[in-house]
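A quick write-up on the structure given underneath.
Residue numbers (UniProt numbering), protein chains in the order written: chain F, 1 to 438; chain R, 1 to 438.
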């Protein structure tokens, strides 16, 4: 039995029209490769090297990647699949298991730029516009498509919330069973949003790191043999979905790489993939070769990558996460060392902010751009402010900040601090008494 | 002083690229016309006829409308402004005050169709994908653009929540003051989402109809002379934004009008505008002339249009709204008679469903499509089921249902009925005891 998409998956969010007019693109992926020892494997369902236990990633044929053109991309659908020629799965539209995320708005943030003293231009890449309102739809679409191709019949995930939402929604769309494991203390919005899809939702009494350890054990059991754990046994494919954020930023700027990008870090994977996307576009000649700098953002309640950066460490020392930015609360970040590499190679830095600054970041972004971010977006905006104030980010260079999720998912920290500015009776007299009119 | 958009409004959500490649389209609007007595006016800031107090709507030049082509539309941006040649404002991209909503997904719902016994094809038009996650971004973009053109310096609205979110976000994006008036008993999500933008938010202790009456009075005061009330003094322009839902459905089906559409009704305006969009596309020869039927959906807690339909009345008797579908709780629906006209002319019907059915509708849609709707979407899906069971909707004909808002905005009714299916300790033993594995 394999994952099936019984006609209910659209190849294109624009409805009944074909996703591509041209021929099926060639798959540029030729296998998996260990990031540690370089051993190569086929396109298999493993995330750790059989030789050294290092992490596996997709190994692309550079010749095939270099042949990709702007025109080829622009002829594709208005979602992540327009970049399929740079991805390891989904080349045949019928093979995709996807909510068709992507092509989220790149919002010009002139009012925020003016407040912060940025003169080089500021943009917000707003991934709350994805189908389940976070960037996780990108990675789940890749993972679920890979799972189908690899013959799995179910999907599963350990999640801090956004991934849970996305996995359950993908499973509901195509009608396959899913198992989602979440820490039991998640925000109510994220719990309801995952549960409403009618899939199996398991609340685990522990931290995300506990949940993650549990699913690693479950993945080895006979009962879960036919289950793809999206961020474990199909992680190499899953992780590639994040590259599409980088591709979109460059395309939406008119095929140009911004000088500076500020990116929230949980596992650290997203930051490494945005950097990778820029390198690929440059190597393929799709954009001009220009320099860029990636900056990482963490909350003070979970700052292992920030601490490693400050201390000049190559490895990341695990922490026990606290604080309101739950979607970033990964205390043992799998891609931390690779994120550190990318930040140091590009001359970037890492900022950390506390809960009050995070709430202020959410409010600053909303007030000046109309974009309502979840706590992770508040982290990124608050870190942007910090980096400008510290002089670590160049105010004269063009900057992009990522909002990775939707404010409606994390209302709790805002409820005590925002609300109606006035309460009145339904009468002119009452409005007058409230000082709204003279 | 006029509304200004100091470079912070994008003409196109794809970022820095121009919104149109061709010349600025001609404005097809030649004035306003009274729907009651036919008196014509210029493109002014009025919503009621000076002769008979009837509602004013935009009067288009049929010759100009008929000259619009598919190619012209398809060359436009991936948002509502691709249809600007059929709209009364925004022809110059620089004139737009907009979050650039629209081109939301049309999701194929084969699994829901199978459950309901629909054989002609079923689609969900998912307007939760708009920037503030409801269809209101469409109307606010038109209203705010009209307000700017008419010389207003502030915007305001009476709202059941979604409109509040959208007006506050639009005001934040461009940096103009806004005044939003909401009933004080709204869902917390909608209150926080409006308040977070840092604009004036007035909670009124009363029903939506009370709020609406209050803002009608305020609009006449000297203090609000420079304020456009989006659904009052610029209502004729505002209302035209809803036409874009109809245009998109037709375009996303490959320039074809679906045989049946099920639409939630609050004021009734949205239903009349979808019908109007289909008539305009047909008249312009952009789609083939085919027949369609529009169905209205109300909640049992606020069913004045349903009652008028059942009784064969031409007028709508106001009710005092109750029930969980707060975004539909307009007891005195301004466009009720026109909605009845469209439903009767096309051979449609009106359904009404209670709160339990609404929650079930939300769950059915989520479980079968991965789309998480707010209560209004639950109303529409539950009414679809009712119409099929009653034999009022033809299961062999292609059907589209509208989801007008996001489930994250109305979590309250779901919290008691959905949640984790299992709660475990982080151990294989505990997972085994919970029955997840053998």
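Built from N, CA and C at the ideal position, the CB exists for glycine as well.
For residue i, which residues in chain F fall below 8 Å Cβ to Cβ?
i	result
residue 205 of chain R	423, 424, 425, 426
residue 221 of chain R	428, 437
residue 122 of chain R	Neighbours of residue 122 of chain R on chain F: none; closest Cβ ~10 Å, over 8 Å.
By Cβ distance, which residues of its chain are closer than 8 Å to residue i, with the 5 residues on each side in sequence left out?
i	result
residue 48 of chain R	54, 55, 56
residue 2 of chain F	Caution applies to residue 2 of chain F, whose pLDDT of 40 falls short of 50 and renders its modelled position unreliable; the model cannot decide the point.
residue 9 of chain F	With a pLDDT of 29 at residue 9 of chain F, under the threshold of 50, the modelled position of this residue cannot be trusted; read the value that follows with caution. Result list for residue 9 of chain F: 96, 97, 98, 173, 174, in chain order.
residue 207 of chain R	183, 320, 321, 329, 331
residue 214 of chain F	158, 181, 204, 206
Short check: CB of residue i to CB of residue j, under 8 Å?
i	j	result
residue 264 of chain R	residue 186 of chain R	no
residue 197 of chain R	residue 219 of chain R	no
residue 90 of chain R	residue 59 of chain R	no
residue 138 of chain F	residue 272 of chain F	no
residue 141 of chain F	residue 155 of chain F	no
residue 506 of chain R	residue 184 of chain R	Chain R is shown only over 1 to 438; residue 506 of chain R falls outside these bounds and no answer can be derived.
residue 376 of chain F	residue 405 of chain F	yes
residue 199 of chain F	residue 372 of chain R	no
residue 169 of chain F	residue 229 of chain F	no
residue 336 of chain F	residue 299 of chain F	no
residue 403 of chain F	residue 124 of chain F	yes
residue 354 of chain F	residue 294 of chain F	no
Give the residues of chain R in contact with residue i, contact being defined as C-beta atoms less than 9 Å apart.
i	result
residue 202 of chain F	420, 421, 422, 423, 424, 431, 434, 436
residue 442 of chain F	Residue 442 of chain F is absent from the model: chain F starts at 1 and stops at 438.
residue 406 of chain F	133, 406, 408
residue 150 of chain F	Correct list: empty, because the minimum Cβ distance to chain R is about 21 Å.
Expressed to the nearest angstrom, what Euclidean distance is found between the alpha-carbon atoms of residue i and residue j?
i	j	result
residue 106 of chain F	residue 131 of chain R	12 Å
residue 17 of chain R	residue 240 of chain R	In this prediction, residue 17 of chain R scores a pLDDT of 41, lower than 50, which makes its location untrustworthy; no coordinate-derived value is stated.
residue 83 of chain F	residue 73 of chain F	6 Å
residue 307 of chain R	residue 301 of chain R	12 Å
residue 433 of chain R	residue 205 of chain F	14 Å
residue 288 of chain F	residue 269 of chain F	25 Å
residue 40 of chain F	residue 34 of chain F	6 Å
residue 250 of chain F	residue 209 of chain R	47 Å
residue 319 of chain F	residue 292 of chain F	30 Å
residue 69 of chain F	residue 232 of chain F	32 Å
residue 409 of chain F	residue 189 of chain R	9 Å
residue 223 of chain F	residue 437 of chain R	6 Å
residue 45 of chain R	residue 88 of chain R	13 Å
residue 246 of chain F	residue 136 of chain F	14 Å
residue 221 of chain F	residue 429 of chain R	12 Å
residue 180 of chain R	residue 340 of chain R	30 Å
residue 50 of chain R	residue 146 of chain R	20 Å
residue 112 of chain R	residue 426 of chain F	43 Å
residue 420 of chain F	residue 309 of chain R	38 Å
Can you name the residues of chain R whose CB is closer than 7 Å to the CB of residue i?
i	result
residue 360 of chain F	The premise fails here: residue 360 of chain F is roughly 11 Å from chain R at the closest Cβ pair, so nothing lies under 7 Å.
residue 170 of chain F	370
residue 211 of chain F	426
residue 192 of chain F	411, 414, 415, 418
residue 301 of chain F	The contacting residues do not exist; residue 301 of chain F stays about 20 Å from chain R at best.
residue 260 of chain F	Those within 7 Å of residue 260 of chain F in chain R number zero; the least Cβ separation is about 16 Å.
Going by beta carbon distance, what residues of the same chain come within less than 6 Å of residue i, once the five residues before and after it are set aside?
i	result
residue 351 of chain F	297, 383, 386, 387
residue 66 of chain F	284
residue 117 of chain F	395
Starting from the beta carbon of residue i, find every residue of chain F whose beta carbon is closer than 9 Å, and list them in chain order.
i	result
residue 188 of chain R	411, 415
residue 363 of chain R	196, 197, 198
For residue i, which residues in the same chain have their Cβ closer than 7 Å to its Cβ, ignoring the five residues on either side in sequence?
i	result
residue 103 of chain R	78, 79, 248
residue 64 of chain F	26, 28
residue 397 of chain F	120, 259, 260
residue 235 of chain F	47
Strictly below 7 Å CB to CB, what residues from chain F border residue i?
i	result
residue 197 of chain R	366, 367, 370
residue 175 of chain R	111
residue 291 of chain R	By Cβ distance, chain F contributes nothing, its closest Cβ being about 19 Å from residue 291 of chain R, past 7 Å.
residue 78 of chain R	78
Note down, in chain order, every chain R residue with its Cβ under 8 Å from the Cβ of residue i.
i	result
residue 184 of chain F	420, 423
residue 129 of chain F	129, 131
residue 100 of chain F	105
residue 270 of chain F	Correct list: empty, because the minimum Cβ distance to chain R is about 20 Å.
Worksheet entry | Sequence ranges, alpha helix (DSSP H) only - wholly within the stretch 125–162 of chain R, length at least 4 | If we require 4 residues or more, the alpha helix (DSSP H) runs fully inside the stretch 125–162 of chain R come out as 136–149.
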